[in-house]
Each structure stands twice: as structure tokens, then as C-alpha cells.
Amino acid sequence: MVLAGLQEGLQGQWRSLRADLFPKVVLLDLSDPQVLIGQALKAGKPVEPVWTVPVPARTCREGVPVAIEALGDLIGDLLLEHSSLNPGLVVALPRELGLWRLLSWPEGAQPAMAVEELRERQINLKWPVNLEAAVLDVQPMEQQPGESLVVGTSQEALESWIEVFAFAGGSLRHLIPAQACLHVALEAELAEAPAGQLVGLLQPSSHDCQLLVWRDGVPEFERTLPLAPDQLVPALARCLGFCRSRLGPGPIRLFQGESLEAATAIAEQLGLPVEMADRGEYGSLHLAGLGRLALAR
Numbered sequence: 070m071v072l073a074g075l076q077e078g079l080q081g082q083w084r085s086l087r088a089d090l091f092p093k094v095v096l097l098d099l100s101d102p103q104v105l106i107g108q109a110l111k112a113g114k115p116v117e118p119v120w121t122v123p124v125p126a127r128t129c130r131e132g133v134p135v136a137i138e139a140l141g142d143l144i145g146d147l148l149l150e151h152s153s154l155n156p157g158l159v160v161a162l163p164r165e166l167g168l169w170r171l172l173s174w175p176e177g178a179q180p181a182m183a184v185e186e187l188r189e190r191q192i193n194l195k196w197p198v199n200l201e202a203a204v205l206d207v208q209p210m211e212q213q214p215g216e217s218l219v220v221g222t223s224q225e226a227l228e229s230w231i232e233v234f235a236f237a238g239g240s241l242r243h244l245i246p247a248q249a250c251l252h253v254a255l256e257a258e259l260a261e262a263p264a265g266q267l268v269g270l271l272q273p274s275s276h277d278c279q280l281l282v283w284r285d286g287v288p289e290f291e292r293t294l295p296l297a298p299d300q301l302v303p304a305l306a307r308c309l310g311f312c313r314s315r316l317g318p319g320p321i322r323l324f325q326g327e328s329l330e331a332a333t334a335i336a337e338q339l340g341l342p343v344e345m346a347d348r349g350e351y352g353s354l355h356l357a358g359l360g361r362l363a364l365a366r
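Residues in the sequence shown are numbered consecutively from 70, following the numbering used here.
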């Protein structure tokens, strides 16, 4: 009995040591709150399989978990099935929760305490959440001195997701806004774009299509478009026309993050070929961004 207990203890210590020596990161794409996509990252590379499961109805509302324990149990069961012991978790938040805004500072440079300055001045970013109730990050834009990219999300929503992962288990490392994941995934394409070129991304979800537009590597425009081709194409034409009138009449390079039914119609009717964004061996473009962020940190 003593030897059996000792053996069990040693096995438990080895499992814990193995988790420390051979850490495994799991990337979770929750950008579409109706679908969860997961993939492991091991030795700095994405590995198979990529797993996709529907998120049960009424567990989230506008990207915020409402059935916290049930959602945590679902994710926990999936982690047990698809990952190693106590994985590190890097998560893309639902798209609805990600907020960002380009901000120009009157002083011509970002203040040292930028977040505090934002709140003290009560700058109106036209967000659905008050700055006092938001988690914020402010990064200066090297391409445009005197401007900063403000990224944020609701503190309450963030705490709800942290609670979900407390039920799920694993070691939560990062919760990343979905838009930031896409930005990182397209860094190479944004870097090689000539000055003044508009780079657009169409990112379809289960129920709509997100349009993001960058100029000179800076995110300038975001809209949610209908998914049906007969509605998406004219809506896209209006958005791109607005961007050209406001940002300059430069050329446009257009990407799709996932296979888009309207791609052929866009090319035929708007004269814009829609390239497939390179996501490498990752299961989604959001996962590609998460993987690069995980490796960078």
C-alpha cells in the first residue's frame, strides 16, 4: 500500500513536471460567439487537429457570456479532449467586445500616462461603454506621429470571460480583441503596402461579414456588412467609396479572411479581386494572429 501510494505520488509529480517542461498553448477563437475554434501551439508551431464546435444558444448575449458555468464546463470538456494537462490559453474575444479608435493628441505626442489622460479629459471616443468602465490600452502610431490607437473593452464583459475560464480550467494567459488578432495576422501585407494604398479585409462570420480598412498600416474604418452577396456587394461599394473620399483615392487591395461566397460577385461588379489572406497552418485568421501574439510574448 505504501509503495502504491508512493508510485501514485511520483506519477502525479511527473505529470506536473511534464506540463512545466513541455508547455502546450491552446489558441481559442471566440470571435464569432456562435462558433468556437481551437488549435494547439506546440514548439512554436500550430499542430493538428483544428477543432470547431457550435456554442450553445443563449450562452452568450452580444458577446458577453450569460450562462457562465455552462460555457466554462463546455470549454473545459473540450480542453480535456483536445489538449495536454493544464494548457496555457490565448483567446480571441468575441468581435462585438473589441473597441478601437484612432486618436489625435492636441499636444502632438502621446502623453506618458495616456490611459489616465483619456479618462481625466473624458475624451469622447463614441464607444458604447464609458471610459471609466472600460479596460484600455493606448499605443502610439509610429506611422503617424501625434496619433495613438486606443483599444478597449468593457471591464464587466472581460471579467465575465475570466470567470468562464476559471470554470474551464487551464492557465489563462491572454484575452485579445478580435480586431487586434486580424491586424497582427495581416502585418506582412500591411507592411508591404505602398503609401496611400487602402488594404481591406472581409471577415465573414456565421451571420454577417466584418469589413476592416487600413491605410499605411493604420486601422481607419470598420463596418459590419450583410453576408448575402446581393446585399454585401452594394454595401461594400458604398463603404469603399466613403473610404476613398475620406482617406484618399488610392488603390485598394482586398482580402478575405475565410472563403466568401460573394468574392466572385465583388470581382465582377466592383473590379476588385478578393485575395485569400495567408493564415499558414492555422485554422482561422484569428488563430494566426493569436499564434503570432503568443510567440511574441
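The beta carbon of each residue, even a glycine, is placed where N, CA and C say it ideally should be.
C-beta atoms of residue i and residue j nearer than 9 Å
i: Leu270; j: Leu280; result: yes
i: Pro102; j: Pro197; result: no
i: Gly157; j: Ser240; result: yes
i: Thr128; j: Leu143; result: yes
i: His151; j: Trp174; result: no
i: Leu218; j: Arg292; result: no
i: Ser229; j: Pro115; result: no
i: Leu166; j: Ala247; result: yes
i: Leu96; j: Ala109; result: yes
i: Glu216; j: Val287; result: yes
i: Ala237; j: Gly132; result: no
i: Val207; j: Ala183; result: yes
i: Leu301; j: Cys278; result: yes
i: Pro298; j: Ala249; result: no
i: Val104; j: Ser274; result: yes
i: Leu267; j: Ala306; result: no
i: Gly310; j: Gly265; result: no
i: Ala139; j: Pro125; result: yes
i: Ile106; j: His276; result: no
i: Cys312; j: Glu289; result: yes
i: Leu205; j: Val220; result: yes
Among the options, the one whose alpha carbon lies nearest that of residue i
i: Ala357; options: Val207, Val253 and Asp299; result: Val253
i: Arg284; options: Gly326, Ala336 and Gly317; result: Gly317
i: His243; options: Glu256, Leu227 and Phe236; result: Leu227
i: Arg322; options: Ser328, Ile245, Val282 and Glu291; result: Val282
i: Gly360; options: Pro125, Val160 and Val122; result: Val160
i: Leu168; options: Gln224, Glu117, Pro214 and Pro118; result: Gln224
i: Ala203; options: Pro288, Leu187 and Gly310; result: Leu187
i: Ala112; options: Leu105, Ala235 and Lys93; result: Lys93
i: Ser353; options: Ala334, Gln325, Ile192 and Gly340; result: Gln325
i: Glu211; options: Pro118, His276, Leu305 and Ala178; result: Ala178
i: Ala136; options: Leu172, Val233, Ala346 and Gln191; result: Val233
i: Thr222; options: Ile245, Ile192 and Ile106; result: Ile245
i: Asp347; options: Asn155, Glu261, Arg130 and Glu327; result: Glu327
i: Pro214; options: Glu185, Gln191, Leu172 and Arg190; result: Leu172
i: Pro209; options: Pro342, Ala181 and Pro303; result: Ala181
Bridge partner(s) assigned by DSSP for residue i
i: Trp120; result: Gly107
i: Ala203; result: Ser223
i: Arg170; result: Val219
i: Pro273; result: Cys278
i: Ile321; result: Leu267
i: Cys250; result: DSSP, once it has assigned bridges, lists no residue as partnering Cys250.
i: Arg130; result: Val133
i: Pro209; result: Ser217
i: Lys195; result: DSSP lists no partner for Lys195.
i: Arg348; result: Arg348 pairs with nothing; no bridge assigned.
i: Arg164; result: Answer is none; Arg164 lacks a bridge partner.
i: Trp283; result: Val268 and Pro288
i: Pro36; result: No answer is possible for residue 36: it lies beyond the span of the chain, which begins at 70 and ends at 366.
Segment limits, beta strand (DSSP E) that includes residue i
i: His243; result: Ser240 to Ile245
i: Glu291; result: Val287 to Leu294
i: Glu344; result: Val343 to Met345
i: Leu97; result: Val94 to Asp98
For residue i, the first and last residue of its enclosing alpha helix (DSSP H)
i: Glu337; result: Ala332 to Leu339
i: Ser314; result: Pro298 to Leu316
i: Pro359; result: Note on identity: in this sequence residue 359 is Leu, with Pro being the wrong assignment. Run containing Leu359: Leu354 to Ala365, per the alpha helix (DSSP H) assignment.
i: Gly157; result: First-last for Gly157: Gly157 to Ala161, but that is the beta strand (DSSP E), not the alpha helix (DSSP H).
i: Val184; result: Ala183 to Arg190
i: Ala139; result: Ile137 to His151
i: Ala257; result: Glu256 to Glu261
Whole-Å CB distance - residue i paired with residue j, under 8 Å assumed
i: Leu272; j: Leu251; result: The amino acid at residue 272 is misidentified as Leu; the sequence shows Gln. Their Cβ separation, rounded to whole angstroms, is 6 Å, which keeps Gln272 and Leu251 in contact under 8 Å.
Interface flag, residue i vs chain B, CB-CB below 9 Å
i: Gln224; result: Annotation note: the requested chain B is absent from the structure, which comprises a single protein chain.
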